[in-house]
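Working notes, beginning with the structure itself.
Numbering (the UniProt record's numbering), first residue to last: 1 to 271.
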């Protein structure tokens with residue numbers, strides 16, 4: 001499931017949920033022990049599901065990567081999504097800000113000739129002007145459109161899937177309570193497309209969808225909040241034990257905790 005939201009999609013379960021009736025302490029201990037680096041979400045199989053956007057970002061990204069000579073993937077995580085592309089351009093770079101992910105992405109993508117660059121999410125991109133034909137991103141922490149426009153060649157394209165407003169806020173507000181309107185409406189696709197236009201880019205495509213998520217055991221909730229750390233900042237099991245135990249009982253009673261993610265596809269071109 002994403003930095004990002006920067007959220008990353010949960011894989012559909014390969015079998016019906018099997019863990020909901022297990023003891024709270026056992027489920028939580030298992031989730032706490034699970035590694036959190038990278039953006040492989042197979043740990044959630046049988047524990048949680050999320051609808052996928054209808055457009056199929058990884059496939060569309062792969063099609064675009066196959067027909068350019070140079071590309072940059074922003075906030076690549078552990079490189080898992082980029083590695084799905086059947087063909088990469090001769091010049092392929094990727095950025096990532098979290099050191100464990102930089103290491104994982106380098107191991108995964110290095111054999112395919114990808115240069116993985118450690119770069120803070122909010123810093124200027126460490127590349128020359130007009131360096132790339134294509135810039136991609138799946139659930140970037142934030143799209144810095146002025147920098148994206150700078151590193152794109154004239155005629156180049158930014159192609160990305162972003163996390164939208166109020167994504168998984170049913171879970172966020174379960175732990176943190178009602179959020180301010182400015183927080184709920186952050187990452188608005190119309191605002192982002194205006195930022196892209198202000199940076200000199202032309203919007204080619206914009207699509208948005210709201211997608212159902214189901215958490216089938218408390219371990220899935222704990223692992224999700226440990227992995228997607230910006231959802232409930234400072235989350236620990238000890239700090240939120242009363243809420244977690246109550247949610248465990250709720251999931252046992254209802255079969256799942258339901259939330260909704262929001263995603264938008266954006267394609268922008270540099271004239």
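Don't be surprised by glycine CBs; every beta carbon is placed ideally from N, CA and C. No experiment lies behind these values; they were computed from the predicted model shown.
Integer-rounded CB distance, given that residue j should sit under 8 Å from residue i
| i | j | result |
| --- | --- | --- |
| residue 83 | residue 108 | 6 Å |
| residue 201 | residue 137 | Wrong, their Cβ atoms sit about 14 Å apart, outside the cutoff. |
| residue 193 | residue 206 | 6 Å |
| residue 62 | residue 86 | 6 Å |
Among the options, nearest to residue i - alpha-carbon criterion
| i | options | result |
| --- | --- | --- |
| residue 59 | 225, 77, 148, 88 | 88 |
| residue 197 | 47, 271, 121 | 271 |
| residue 102 | 111, 92, 116 | 116 |
| residue 90 | 147, 67, 162 | 67 |
| residue 38 | 172, 214, 104, 192 | 104 |
| residue 110 | 185, 92, 265 | 92 |
| residue 118 | 78, 147, 167, 191 | 78 |
| residue 230 | 212, 189, 163 | 163 |
| residue 176 | 72, 244, 262 | 244 |
| residue 260 | 33, 97, 53 | 53 |
| residue 36 | 51, 21, 99 | 99 |
| residue 28 | 85, 252, 218, 264 | 218 |
| residue 189 | 264, 34, 240 | 264 |
| residue 81 | 147, 161, 239 | 161 |
Simplified DSSP state of residue i, which is helix, strand or coil
| i | result |
| --- | --- |
| residue 279 | Here the chain comprises residues numbered 1 to 271, so residue 279 is not present and cannot be evaluated. |
| residue 145 | helix |
| residue 119 | coil |
| residue 269 | strand |
| residue 107 | helix |
| residue 94 | strand |
| residue 16 | For residue 16, the pLDDT reaches just 44, beneath the cut-off of 50, and the residue's location in the model is therefore unreliable, although a value from the coordinates is still provided. Coil at residue 16, not helix or strand. |
| residue 192 | helix |
| residue 59 | helix |
| residue 184 | helix |
| residue 85 | coil |
| residue 234 | coil |
| residue 205 | strand |
Sub-7 Å separation of residue i and residue j beta-carbons
| i | j | result |
| --- | --- | --- |
| residue 269 | residue 228 | no |
| residue 223 | residue 94 | no |
| residue 159 | residue 267 | yes |
| residue 57 | residue 248 | no |
| residue 353 | residue 169 | Summary: the structure shown does not reach residue 353, with the chain confined to residues 1 through 271, and so no result is reported for it. |
| residue 135 | residue 225 | no |
| residue 75 | residue 151 | no |
| residue 212 | residue 51 | yes |
| residue 210 | residue 157 | no |
| residue 48 | residue 246 | no |
| residue 165 | residue 185 | yes |
| residue 147 | residue 125 | yes |
Could you say if the segment 173–193 and the segment 123–132 meet the contact criterion of at least three C-beta pairs nearer than 8 Å?
no
At a cut of 8 Å, does the segment 41–60 reach the segment 230–246 through at least three beta carbon pairs?
no
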